[in-house]
Structure formats: structure tokens, C-alpha cells
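Student: Numbering (full-length UniProt numbering), first residue to last: 1 to 182.
(1) Could you spell out where the alpha helix (DSSP H) holding residue 171 opens and where it closes?
(2) Express the C-alpha separation of residue 57 and residue 22 in angstroms, rounding to a whole number.
(3) Could you check if residue 118 is buried or exposed, using at least 16 other CB atoms within 10 Å of its CB as the buried criterion?
(4) At which residues does the alpha helix (DSSP H) containing residue 147 begin and terminate?
(5) Considering only the alpha carbon of each residue, which of 82, 143, 90 and 127 lies closest to residue 242?
(6) Taking the alpha carbon of residue 25 as the reference point, which residue from 121, 93, 45 and 70 has its own alpha carbon closest?
(7) Note down, one range per segment and in chain order, each alpha helix (DSSP H) of at least 4 residues found wholly within the segment 72-139.
(8) Give the range of the beta strand (DSSP E) segment to which residue 49 is assigned.
(9) Should residue 150 go down as buried or exposed, given a rule of 16 or more other Cβ atoms within 10 Å for buried?
(10) Which residues mark the beginning and the end of the beta strand (DSSP E) in which residue 64 is found?
(11) Which of the three DSSP states is assigned to residue 59 in this structure?
(12) Helix, strand or coil for residue 27? Go by DSSP, reduced to three states.
(13) Who are residue 54's beta bridge partners in DSSP?
(14) Residues in its own chain within less than 6 Å of residue 165 by CB, not counting five upstream and five downstream?
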């Protein structure tokens, strides 16, 4: 078992160095969430050479996908890699999903941009808002092709995390999500 603490630096646009320390430790089998892809499992921790220096990397298997990601340990904070939510936070996610009011711009491009920003944030509550808002809009007025694709992606991200957080299978997580929506 490999376990270590992430320490690294990010270089800004004018080569200023911003040093950060992550106290999170990673090992094979850890379950994490990558903002753009959803729940992942650490399948390997390895040293790789990049740009002439050796760095520690996490090799992540994205759940419910064939995708594998390599993330430098020094960049875990920058990419937004985080722990899976706990059961209390799951209840808060369901509370967001249950809200019947969904304030969103009527203009398609503004609505799409707003929802895209929420998905990129990696914040599970904002992802839940996107699922709720687009689900409500789909029932009321229908969705554009782009919004349908966005809803599918947001649901995948949310459901993948629910499977880890509640230790349930994919169909059960999908049922719980569907039953929480207004």
C-alpha cells in the first residue's frame, strides 16, 4: 500500500509560484470524485516523468465508464478532486432535488452557460441543481438537444457519486434520484 501526502506548486501566468499543501493521503482503492467525470477509484499510485521531473500520479478509473485518468498528486486541489459526500450530505442533495422552485434564465444561451458553470464547479449541490432545473424544464417545456445531453451528463455524475456515498448499485441510485425529483 502506497500512502503519501500531496505537496506541490502551481505556476501563475507570470511564473509566480503559488505553493500549496494538501494533507489528503491517497492509496489504491480510495474512492474520490473528479468534477467533470463523477465518481472514481484510485487504481494505482505511481511515479512518472513529465517535463524532466518525476512526479507522483494517481491513476483513476472513472466508474460506469471506460475512462482512466492520470492526475498529478500536486494538482489534486487545482482539478477539484474531492472525497465522496457522506450520508448527511446525501440528504442535503436530496433536499436540493426536492425543491419545486427552479429559478433560471428564460434565454437558452444564458441558461446553458449558467448550468455549464455549475457542472464545472464540481460542487455536488450545484450538480443537483442542474439535474433538478433541467428535469423541471423538461417536464414543462421540453429541452433542446444540448440541454438533454447536459441533463444526461449531470445525472451520470450525480448517480455515480450516490452509488459510492450510499454503497448501492447503479439502478438503485437512479431510482433514488428519480424519486427525489419533483
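Don't be surprised by glycine CBs; every beta carbon is placed ideally from N, CA and C.
Tutor: A quick look at the data gives this:
(1) Counting from one through the chain shown, the residue named residue 171 turns up at place 171. It spans 170-180 - the alpha helix (DSSP H) in which residue 171 sits, taken as one unbroken run.
(2) The residue given as residue 22 occupies position 22 in the chain shown. The residue given as residue 57 occupies position 57 in the chain shown. Residue confidence for residue 22 is low, a pLDDT of 48 falling below 50, so the modelled location carries little weight and cannot support an answer.
(3) Sequence index remark: in the chain shown, residue 118 carries index 118 (1-based). If you draw a 10 Å sphere on the C-beta of residue 118, you find 16 or more other C-beta atoms in it, and that means buried.
(4) The residue given as residue 147 occupies position 147 in the chain shown. Residue 147 -> alpha helix (DSSP H) spans 145-166.
(5) The chain is shown only over 1 to 182; residue 242 falls outside these bounds and no answer can be derived.
(6) Numbered from its first residue, the chain shown carries residue 25 at position 25. It is 45.
(7) Taking 4 residues as the shortest admissible run, the segment 72-139 contains the following complete alpha helix (DSSP H) segments, listed from N- to C-terminal end: 76-79, 87-98 and 108-121.
(8) Counting from 1 along the chain shown, the entry for residue 49 is found at position 49. Start and end: 38-50.
(9) As a first step, residue 150 must be located in the chain shown, where it is residue number 150. Around the C-beta of residue 150, 16 or more other C-beta atoms lie within 10 Å, and the residue is accordingly described as buried.
(10) Indexing the chain shown from 1 puts residue 64 at position 64. In the DSSP assignment, residue 64 falls outside any beta strand (DSSP E) and carries neither an H nor an E.
(11) Taking the chain shown and counting its residues from 1, one reaches residue 59 at position 59. Strand, per DSSP.
(12) Translated into the one-based positions of the chain shown, residue 27 becomes position 27. Under the three-state reduction of DSSP, residue 27 is assigned to coil, being neither helix nor strand.
(13) The residue you call residue 54 lines up with position 54 of the chain shown. DSSP lists 49 as partners of residue 54.
(14) Translated into positions along the chain shown, residue 165 becomes position 165. If the five residues before and after residue 165 are omitted, its C-beta is found closer than 6 Å to the C-beta atoms of 84, 85 and 90, all from its own chain and listed in chain order.
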